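In this note's numbering, the protein residues as written are -14 to 317.
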């Protein structure tokens, strides 16, 4: 008696095998149903394994701490002994980091490399030509064309201080080339993105703003100053294991300037001006919970088979009605 009552609670009543009937339409719907179910389940599994990237933006809490700067710049046609790297904060105070900057002579080029800790305030990095004598002097006879040109020049302009050329000779001055044509191999701020975290696979296009200047090359035949204006945006990454990396992405504007002094054109310089934004961007890598995946699989299976059952019953009912009318017509 009790077992009979429990059997009545079965929502899925079984139909004897002998009473089941297969149709071609039902077989076609069943095959399509299986393929669609497999496709949707596999898609859900891929979405679950890849996770999602959530982006949020808010005002940064504070600007305390230090700012990491990693750079590698190749200056073409310059000797490392001629170059100096100066770092200044927003008040113009110079911080001495020359001991932390590596200078490597590569044939005629100088490679500057640094990994520095700077105050988290607006500042500027200058690469300047520190040689004081910007001109080369040449002794020529008075009677030559070059000598006549030298005679027409002011003595204080055409000769070094304290030097008197011998009788019948004049000094002419040729300006040294002080241009700082360069290539920025690396320019990155903040914490370094570790390849093991897999951020490059998750968001390859979003990592471009973190190395905008990498590979930028400037070759200008004039002795211009290269001025870069960088806007740094604090950015944090949080992965699925709650590991956090604080770094900076940036955008930049560039302009070249020709600076004229009373005694001629000023030597070329490279200026990297930077300031930090008050807004912070956070990228958080999240993965859907397991119960969400199980719910979606159940919804896919139940929904598709229910919908397929409705379609199958509709076609079966229509087919039976048409068949019944045909049989009645034959009998009449």
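Each residue gets a CB set at the ideal place from its N, CA and C atoms; glycine is no exception.
Please read all numbers here as calculations on a predicted model, not as lab measurements.
Legend entry - Of the listed residues 68, 51, 18 and 34, nearest to residue 165 (C-alpha basis): With distances taken between Cα atoms, residue 165 lies closest to 68.
Legend entry - Cβ neighbours of residue 89 in the same chain (closer than 6 angstroms, five flanking residues each side left out): Hits under 6 angstroms: 96.
Inset, instruction - State the DSSP-derived secondary structure class of residue 22, mapped to helix, strand or coil. - result: Three-state DSSP puts residue 22 in a helix.
Inset, instruction - Run the CB neighbour count on residue 20, radius 10 Å, all protein chains shown included, and call it buried at 16 or more, exposed below. - result: With fewer than 16 Cβ atoms within 10 Å of its Cβ, residue 20 is classed as exposed.
Inset, instruction - Using the Cα positions of residue 27 and residue 222, report the straight-line distance between them to the nearest angstrom. - result: Within the model, the alpha-carbon separation for residue 27 versus residue 222 is close to 28 angstroms.
Inset, instruction - Using beta-carbon positions only, say whether residue 253 and residue 163 come within less than 8 angstroms of one another. - result: A contact, by the Cβ cut-off of 8 angstroms.
Legend entry - Reference residue 277, options 33, 74 and 93, closest by Cα: Ranked by Cα distance from residue 277, the first of 33, 74 and 93 is 33.
Legend entry - Own chain partners of residue 328 with C-beta closer than 6 angstroms, once the 5 adjacent residues on each side are dropped: Residue 328 is absent from the structure shown; the chain starts at -14 and stops at 317.
Inset, instruction - Decide if residue 264 is buried, meaning its Cβ has at least 16 other Cβ atoms within 10 Å, or exposed. - result: With a threshold of 16 other beta carbon atoms within 10 Å, residue 264 falls short and is exposed.
Inset, instruction - State the Cα-Cα distance for the pair residue 206 and residue 232, rounded to the nearest angstrom. - result: Distance between the alpha carbons of residue 206 and residue 232 is about 36 angstroms.
Inset, instruction - Measure from the alpha carbon of residue 72 to the alpha carbon of each residue in 38, 257 and 214, then state which is nearest. - result: For the residues 38, 257 and 214, the minimum Cα distance to residue 72 belongs to 257.
Inset, instruction - Grab me the residues of residue 203's own chain with a C-beta within less than 7 angstroms of its C-beta, minus the 5 sequence neighbours each way, in chain order. - result: Hits under 7 angstroms: 166, 167 and 211.
Legend entry - Per-residue DSSP class, three states only, for residue 90: Here DSSP, grouped into helix, strand and coil, assigns residue 90 to strand.
Inset, instruction - Report the three-state DSSP secondary structure of residue 276 (helix, strand or coil). - result: Looking at residue 276 - three-state DSSP - the assignment turns out to be helix.
Legend entry - Where the beta strand (DSSP E) through residue 69 begins and ends: It spans 68 to 74 - the beta strand (DSSP E) in which residue 69 sits, taken as one unbroken run.
Legend entry - Cut-off 6 angstroms between Cβ atoms - residues of its own chain near residue 238, not counting five sequence neighbours on either side: A distance below 6 angstroms between beta-carbons, with the five flanking residues on each side excluded, links residue 238 to the following residues of its chain, in chain order: 214.
Legend entry - Residues near residue 305 by beta carbon distance below 6 angstroms, same chain, minus five either side: Close CB contacts of residue 305 within its chain, under the 6 angstroms cut and outside five residues either way in sequence, are absent.
Legend entry - Option nearest residue 266 by Cα separation, candidates 31, 61 and 195: Here the closest residue by C-alpha is 195.
Legend entry - Limits of the beta strand (DSSP E) - the one that residue 49 falls within: Bounds of any beta strand (DSSP E) do not take in residue 49, whose DSSP letter is neither H nor E.
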